[in-house]
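Numbering (the working numbering), first residue to last: -11 to 168.
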């Protein structure tokens, strides 16, 4: 996938996630789901996950090369990376501590949380614009489950990660509360 294609797919995933959340009531958005994360917790997890990616796309290229080395292989396709990630999840892979959301602040609303979610993703899109398509295959980033992956693969992962969490929140219990 080209940079334009993966960015478009990522933008669609962000919009789909946001639109689903906007349709639900405030109480449902924050409702506890037993041992599963609430919709709000899923959203905060996604924000925690994207923050280091924004930072990485902000760094000078020489620092990425210095910290993470140079790829010794071509980037995997979206489907290849997806298969590897699903395999890691199926063998027990879970979010590591830095990506587990903390307790929700009392004064946060669904609207303010989703605004922050969109701001973070727009920040990433702005950073991606500064990169040449070919450079997405020439630099590595660490991933907690996948090891070192190229920037292109990180964009694939970020797209799938949003899609995965959208499916997760769609499969949570049916709305408990009716929005007035």
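Even for Gly, the Cβ is constructed at its ideal location relative to N, Cα and C.
Runs of 4 residues minimum, wholly inside the stretch 98 to 143: which ones carry the alpha helix (DSSP H) assignment?
98 to 117
Which first and last residues belong to the alpha helix (DSSP H) in which residue 27 is found?
27 to 46
Tell me which residues share the same chain as residue 108 and place their Cβ nearer than 8 Å to its Cβ, disregarding the 5 neighbours each side in the sequence.
35, 38, 39 and 42
When we look at the beta-carbon of residue 106 and count the other beta-carbons within 10 Å, is it buried (16 or more) or exposed?
exposed
Under 8 Å by Cβ, that's how I've got residue 129 and residue 143 pegged, so tell me the actual separation to the nearest angstrom.
Not a contact, Cβ separation roughly 10 Å.
Going by the beta-carbon positions, is the gap between residue 9 and residue 155 smaller than 8 Å?
no
Between the CA atoms of residue 127 and residue 72 - distance to the nearest angstrom
19 Å
Could you say which of 141, 120, 90 and 100 lies nearest to residue 14 if we only look at CA atoms?
Cα-wise, what sits closest to residue 14 is 100.
Residue 85 and residue 133 closer than 8 Å at C-beta:
One thing to note: residue 85 has its Cβ no nearer than 8 Å to the Cβ of residue 133.
By alpha-carbon positions, which one of 149, 30 and 80 ends up nearest to residue 16?
30
Mapping DSSP to helix, strand and coil, what is residue 21?
strand
When the cut-off is 8 Å and only beta carbons count, does residue 8 lie next to chain D?
Absent here is chain D; the protein component of the structure consists of one chain.
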